[in-house]
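Numbering (the UniProt record's numbering), first residue to last: 1 to 100. Glycine included, each C-beta is placed from N, C-alpha and C at the ideal position. Working notes for the structure below.
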Amino acid sequence: MIVLDGTWKKANKIYHTHPMLHGLPRCHLDRYINQYTHRKSPSDQHLSTLEAICYGLQQLEDKHNIIQKTDYNPLLQAQQAMIEHWQQRVSQHQPETPSQ
């Protein structure tokens, strides 16, 4: 599995500037919703790299009839905990607005 890592804009540019990638099989992950809310994404289907890897590996396991599936939820839960930690830190450092 090849994963293009970078911002969504940069990953798209990498794909379009390397024609050798165009002939490779692709998996579509549009049935998944982006849970990575730390950065703004162009749409709900634009996943973080970690989400894309987890969901892509799940699809490969399904496609190849792997009986013992890997549980990727701990990775996704760790990402969610990281996002919540960042959000908490940001909210603690925001200046207070004066009362009116």
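Q | Proximal residues to tryptophan 5 (C-beta, below 6 Å), its chain only, five neighbours per side dropped | A | First, the residue type needs correcting, since residue 5 is aspartate and not tryptophan in the sequence shown. The answer, listed in chain order, is Thr49.
(Q) Using a 10 Å radius around the Cβ and a threshold of 16 neighbouring Cβ atoms, would you call glutamine 56 buried or exposed? (A) For clarity, residue 56 is glycine in the given sequence; the question names glutamine instead. The residue is buried, with at least 16 neighbouring Cβ atoms inside 10 Å.
Q: To the nearest angstrom, report how far apart residue 132 and alanine 11 are at their CA atoms.
A: Nothing can be reported for residue 132: it is not among the residues displayed for the chain, which extend from 1 to 100.
Q. Mapping DSSP to helix, strand and coil, what is aspartate 30?
A. coil
Q) Do you know offhand how far lysine 63's Cα is from methionine 82's? A) 31 Å
Q. When burial is assigned at 16 or more other CB atoms within 10 Å of the CB, is histidine 46 buried or exposed?
A. buried
Q.
Whole angstroms are fine: how far does the CA of threonine 70 sit from the CA of lysine 9?
A. 30 Å
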